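Trainee:
Number of protein chains: 2
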Amino acid sequence: MAVQSKASVKDVAKLAGVSVATVSRVLNDSATVSEQNRARVLAAVERLGYRRNAVARSLRTDATGTIGLVIGDILNPFFTELARAVEDEARMAGYAVVIGNADERPGRQDDYVRTLLERRVDGLLLCPTAELTPLVRDTVESGTPVVFLDRTLHGLDVPTFRVDGADAIDELVGHLLALGRRRPAFVSGPAILSTGQERTDAFSCALARRGLPVRPEYLEEGDFQAASGRAALARLLDLPEPPDAVVAGDNLMALGALDEIHARGLSIPGDIALASYDDVPWFIHLDPPLTAIAQPVQELGRRAVRALTERVAGREVETVTLRARLVVRGSCGEPQEHPRYGRHNEGSVPA
Amino acid sequence: MAVQSKASVKDVAKLAGVSVATVSRVLNDSATVSEQNRARVLAAVERLGYRRNAVARSLRTDATGTIGLVIGDILNPFFTELARAVEDEARMAGYAVVIGNADERPGRQDDYVRTLLERRVDGLLLCPTAELTPLVRDTVESGTPVVFLDRTLHGLDVPTFRVDGADAIDELVGHLLALGRRRPAFVSGPAILSTGQERTDAFSCALARRGLPVRPEYLEEGDFQAASGRAALARLLDLPEPPDAVVAGDNLMALGALDEIHARGLSIPGDIALASYDDVPWFIHLDPPLTAIAQPVQELGRRAVRALTERVAGREVETVTLRARLVVRGSCGEPQEHPRYGRHNEGSVPA
DNA sequence: ACGAGCGATGTAAACGATTACATCACCGGT
DNA sequence: ACCGGTGATGTAATCGTTTACATCGCTCGT
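Line order of the protein sequences matches chains Y and U.
Under the numbering used here, the first residue of the first sequence carries the number 45, and numbering increases by one thereafter.
Under the numbering used here, the first residue of the second sequence carries the number 45, and numbering increases by one thereafter.
#1: Between the Cα of glycine 391 of chain U and the Cα atoms of Y:Gly391, Y:Leu299, Y:Ser375, which residue gives the shortest distance?
#2: When the Cα of aspartate 323 of chain U is compared with those of U:Leu283, U:Phe122, U:Arg164, U:Ser272, which residue comes out closest?
#3: Which runs of the beta strand (DSSP E) at least 3 residues long sit entirely within the stretch 343-386 of chain Y? Give them in chain order.
#4: For chain U, find out if any of its Cβ atoms is closer than 8 Å to the Cβ of proline 325 of chain Y; answer yes or no.
#5: Report the residues of the stretch 125-146 of chain Y with a CB closer than 9 Å to any CB of chain U, ordered along the chain.
#6: So if I threshold CB-CB distances at 8 Å, which residues from the stretch 88-106 of chain Y count as touching chain U?
#7: Would you check if there are 3 or more beta carbon pairs closer than 8 Å linking the stretch 165-184 of chain Y to the stretch 112-132 of chain Y?
#8: What does phenylalanine 205 of chain Y pair with, by DSSP beta-bridge criteria?
#9: Does proline 228 of chain Y come out as helix, strand or coil in the three-state DSSP assignment?
#10: Distance check for leucine 220 of chain Y and leucine 179 of chain U, CA to CA, integer angstroms please.
#11: If you reduce the DSSP assignment to three classes, tell me which class glutamate 264 of chain U lands in.
#12: Chain Y beta carbons: is any one of them nearer than 8 Å to that of histidine 219 of chain U?
#13: Beta-carbon within less than 8 Å of glycine 199 of chain U's beta-carbon, same chain only, minus the 5 sequence neighbours each way: which residues are those?
#14: Applying the 10 Å Cβ sphere with the 16-neighbour rule, what's the burial state of alanine 136 of chain Y?
#15: For serine 311 of chain U, which of helix, strand or coil comes out of DSSP?
#16: Cβ of leucine 431 of chain Y less than 8 Å from any chain U Cβ?
#17: Counting contacts by CB-CB distance shorter than 8 Å, is alanine 317 of chain Y in contact with chain U?
#18: Is the stretch 152-162 of chain U touching the stretch 96-116 of chain U in the sense that three or more CB pairs, one from each, lie closer than 8 Å?
#19: Assign isoleucine 213 of chain Y to buried or exposed, taking buried as 16 or more other Cβ atoms, counted over all protein chains shown, within 10 Å of its Cβ.
#20: Does DSSP put threonine 76 of chain U in a helix, in a strand, or in coil?
#21: Closest Cβ-Cβ distance between histidine 4 of chain U and chain Y: below 8 Å?
#22: Is glycine 345 of chain U close to chain Y, meaning its C-beta is less than 8 Å from at least one C-beta of that chain?
#23: To which residues does DSSP link serine 320 of chain U through a beta bridge?
#24: With a CB to CB cut of under 6 Å and the five nearest residues on each side skipped, what residues in its chain are close to glutamine 339 of chain U?
#25: Is the CB of arginine 373 of chain Y under 8 Å away from at least one CB in chain U?
#26: Chain Y partners of valine 393 of chain U, CB-CB under 7 Å?
#27: So alanine 351 of chain U and valine 141 of chain U are supposed to be a Cβ contact under 8 Å. How far apart are they, rounded?
#28: When the distance is taken between beta carbons, is valine 371 of chain U closer than 8 Å to arginine 347 of chain U?
#29: Name the chain Y residues that come within less than 7 Å of leucine 161 of chain U, Cβ to Cβ?
#30: Is the Cβ of phenylalanine 205 of chain U closer than 8 Å to any Cβ of chain Y?
#31: By the 10 Å Cβ neighbour count, where 16 or more other Cβ atoms means buried, how is glutamate 360 of chain U classified, buried or exposed?
#32: Three-state secondary structure (DSSP) at leucine 277 of chain Y?
#33: Enumerated in chain order, which unbroken segments of the beta strand (DSSP E) with a length of 3 residues or greater are wholly contained in the stretch 234-259 of chain U?
#34: Taking 8 Å as the CB-CB limit, is aspartate 182 of chain U close to chain Y?
#35: What does arginine 142 of chain U pair with, by DSSP beta-bridge criteria?
#36: Are the C-beta atoms of leucine 168 of chain Y and some chain U residue less than 8 Å apart?
Listed below in structure tokens is the structure:
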């Protein structure tokens, strides 16, 4: 029969006939309290509908039990899945997560870092959206526990949890060539982001290693959002000699690419092969299913949280790099045994 | 050249040669301060890298500048888009958002409500995941500003922002019948949720209104997640007389349905028609593109936030119901003029 | 029988901000 | 020259916890 919201330890203490210290002690069971008093306190808590004020508690203990997570784009399934993993792991460790959505805009990232810091999060998981800003540098140097996630920034000694897709991209390029494609293009993310630059580099290297020319007009740069993927594809297709294969740098740009390809009435892989860095559940339902590079997102998120809690506890942690893997489907040609249906019963969820 | 993290108003005051009151005054410009002192304070702030402690501030002012948002499932694009809208609007109003992911599990919702309340959010946006729990009742009755979002709970006087899809569902059923389908089935969300129950009811009503029998074996119940959609479809297809059309109660169950349909090698709409309540960007890229019911998610989220801030300011607000609309594509038959490509240049993003 | 030690409790000082209230200097009107 | 008013500032109380320290009875070992 909770009565009101504004009960404080003082009220509880009064009702239970003990001191505030005793109340606090049973609430945190930080010290021994007689059975009788414990029962009284608990009863008073119940009766008043008392709910501890985490704000006051945080002020006193200098810990909020909260970690901040700044992601690139909340509409991007990759970050969504990442956020989900982070949240799960954090809650297991007793932390709440405050998510900040930078929306791939450099300015917003700092806005969020600022408010998160003001709110005194115990640690920060950051997917850096821009080059190194003074704020981020100060934050790191002032000793706030920070872990970079997915992306990294150079020139700063911060543990980073990321996925290296170089091998998978190399394998993908091999796959493309084996299927007779000779003019593959790449739609990259912003070169300013590590994930933009690295994937482009890996692509160029893979080409070079196989003796193919790296044609600059086949290296488009988008911003990891769908519209830019569509625009990039439009430019590529308007080239005098358009590419015969396109790799999108993330799943949203792949979606945009699909928009443009379908709008032009082109067929995949007949007219053009398409593959995506990032795999999402619905790719298998396209016709043909989309070949993609899958990242171990769950593991990435969970391990980053574990690392951050270590750092919060004052321990050092190492940078970790996980590996992506190529998932061949039909969108670059070939694997069309049974055009789409019932391959090995692949589905977004188990049957 | 910010030096350390632990500067407080006291430090700033000392360095600037003024009192803490003056510092606070310039920080909030709450009262007139001489130009000279203002400059000194600002300089000291800069020099110390002072960052106000929002925790202490909240304790004193009894306001956190934070609202809580408890959603059903962070992996569901519907909620993701909702979260995005909520965040945008909230930040414009000067609020930060703490997201809680109930993961469609009744228990988790209360967990989150509890921690959000402990953390003293100024208001709560709740997509109720279960029936009315004592905690939610207490919260509302204790005067905490609460607004229900997407879903509602009966027996409680809380403003609710939701979408009514009854008309759209009725229209969809009409569409199905017009295309010759006579045995349409519905995969519902949990009957315990308003969005589960309402959509099922609307479907049944639409059938009844048109003189079609409502066959109980065609009314499946899932949990708004993909796996349940797949399972439901398996059961439906195993029926002695399977349905010739299926409407999924949300986009994830539609995805699961696709899994099962494709795994069995069935074709859409040849073998079975499929439509989804909820529209997501990639539906247009299926072959044929998926007919769906689109909800005004952005508007829903933004208006709910505005309502909540009103409530926080102590004003009353009304419940709002928006309307969904049917988007006919090809997955139920017919609209296959140009089977898929280049219809009216539909795409997930503008060209 | 006495002091050490321990368990249970209470008192009061933090934590870092905001703000009501008091103070003080100064200005202009009469 | 005096008084009221106003603008700029400082002092100290306060928000709701946690916790260091003090206190007070007991019990137990010798």
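By construction, the Cβ of each residue, glycine as well, lies at the ideal position given by its N, Cα and C atoms.
It should be emphasised that the depicted structure is a prediction, and the values quoted were computed from it without experimental measurement.
Mentor: So, from the listed chains and residues:
#1: Counted from its first residue, the second sequence places residue 391 of chain U at position 347. Of the listed residues, the one whose Cα sits closest to glycine 391 of chain U is Y:Leu299.
#2: Counted from its first residue, the second sequence places residue 323 of chain U at position 279. Answer by Cα proximity: U:Phe122.
#3: 364-367, 369-371
#4: Residue mapping note: residue 325 of chain Y aligns to position 281 of the first sequence, counting from 1. Closer than 8 Å: yes.
#5: Glu125, Ala127, Arg128, Glu131, Asp132, Arg135, Ala140, Val141, Val142, Ile143, Gly144, Asn145
#6: Gly93, Arg95, Arg96, Asn97, Ala98, Val99, Ala100, Ser102, Leu103
#7: yes
#8: Walking along the first sequence from the start, residue 205 of chain Y turns up at place 161. In the DSSP output, where bridge partners are listed per residue, phenylalanine 205 of chain Y has Y:Leu193, Y:Val364.
#9: One-based indexing of the first sequence puts residue 228 of chain Y at position 184. Note: proline 228 of chain Y maps to strand in three-state DSSP.
#10: As a position in the second sequence, residue 179 of chain U is number 135, starting the count at 1. As a position in the first sequence, residue 220 of chain Y is number 176, starting the count at 1. Computed Cα separation, rounded: 57 Å.
#11: Locating residue 264 of chain U in the second sequence gives position 220, counting from the first residue. Correct three-state label for glutamate 264 of chain U: strand.
#12: Position 175 of the second sequence holds residue 219 of chain U. Chain Y, which has no Cβ nearer than 8 Å to the Cβ of histidine 219 of chain U, makes this no.
#13: In the second sequence, the residue the question calls residue 199 of chain U occupies position 155. These residues qualify, in order along the chain: Leu176.
#14: Walking along the first sequence from the start, residue 136 of chain Y turns up at place 92. Residue identity check: residue 136 of chain Y is methionine in the sequence provided, not alanine. When all chains shown are included, methionine 136 of chain Y counts as exposed.
#15: Taking the second sequence and counting its residues from 1, one reaches residue 311 of chain U at position 267. Serine 311 of chain U: coil per DSSP, three-state reduction.
#16: There is simply no residue 431 of chain Y to check, as chain Y begins at 45 and stops at 395 in what is shown.
#17: Stepping through the first sequence from its first residue, residue 317 of chain Y is reached at position 273. No, alanine 317 of chain Y lies away from the interface with chain U (no Cβ there is under 8 Å from its Cβ).
#18: yes
#19: Position 169 of the first sequence, counted from the start, is the residue given in the question as residue 213 of chain Y. Flag for isoleucine 213 of chain Y reads buried.
#20: Indexing the second sequence from 1 puts residue 76 of chain U at position 32. In this structure, threonine 76 of chain U counts as coil in the three-state DSSP scheme.
#21: Lying before the first or after the last residue shown, residue 4 of chain U is absent from chain U, which here runs from 45 to 395.
#22: Position 301 of the second sequence, counting from 1, holds the residue named residue 345 of chain U. No - not a single Cβ of chain Y is within 8 Å of the one on glycine 345 of chain U.
#23: Within the second sequence, the letter at position 276 stands for residue 320 of chain U. Serine 320 of chain U is bridged to U:Ala292, U:Ala336.
#24: Working through the second sequence from its first residue, we reach residue 339 of chain U at position 295. These residues qualify, in order along the chain: Val207, Ala368.
#25: Sequence index remark: in the first sequence, residue 373 of chain Y carries index 329 (1-based). No, its Cβ sits nowhere closer than 8 Å to a Cβ of chain U.
#26: Within the second sequence, numbered from 1, the residue matching residue 393 of chain U stands at position 349. Within 7 Å Cβ-Cβ: Ala270, Ala271, Arg274, Gly300, Asp303.
#27: On the second sequence, residue 351 of chain U is found 307 positions in, with the first residue counted as 1. On the second sequence, residue 141 of chain U is found 97 positions in, with the first residue counted as 1. Not really, about 15 Å apart at Cβ, beyond 8 Å.
#28: Locating residue 347 of chain U in the second sequence gives position 303, counting from the first residue. Locating residue 371 of chain U in the second sequence gives position 327, counting from the first residue. Cβ distance not < 8 Å, so arginine 347 of chain U and valine 371 of chain U don't count as in contact.
#29: Stepping through the second sequence from its first residue, residue 161 of chain U is reached at position 117. Within 7 Å Cβ-Cβ: Arg95.
#30: Here the question's residue 205 of chain U lines up with position 161 in the second sequence. False, the Cβ-Cβ gap to chain Y never drops below 8 Å.
#31: As a first step, residue 360 of chain U is located in the second sequence; it is residue number 316 there, counting from the start. Counting Cβ neighbours within 10 Å, glutamate 360 of chain U comes out exposed, since fewer than 16 surround it.
#32: For the purposes of this step, residue 277 of chain Y is taken as residue 233 along the first sequence, with counting starting at 1. Here leucine 277 of chain Y sits in helix by DSSP.
#33: none
#34: Taking the first residue of the second sequence as position 1, residue 182 of chain U is located at position 138. Chain Y, which has a Cβ nearer than 8 Å to the Cβ of aspartate 182 of chain U, makes this yes.
#35: Against the second sequence, residue 142 of chain U aligns to sequence position 98. The sequence as given places valine at residue 142 of chain U; arginine does not occur at that position. For valine 142 of chain U, which the question treats as bridged, DSSP gives the partners U:Gly112.
#36: Here the question's residue 168 of chain Y lines up with position 124 in the first sequence. No, leucine 168 of chain Y lies away from the interface with chain U (no Cβ there is under 8 Å from its Cβ).
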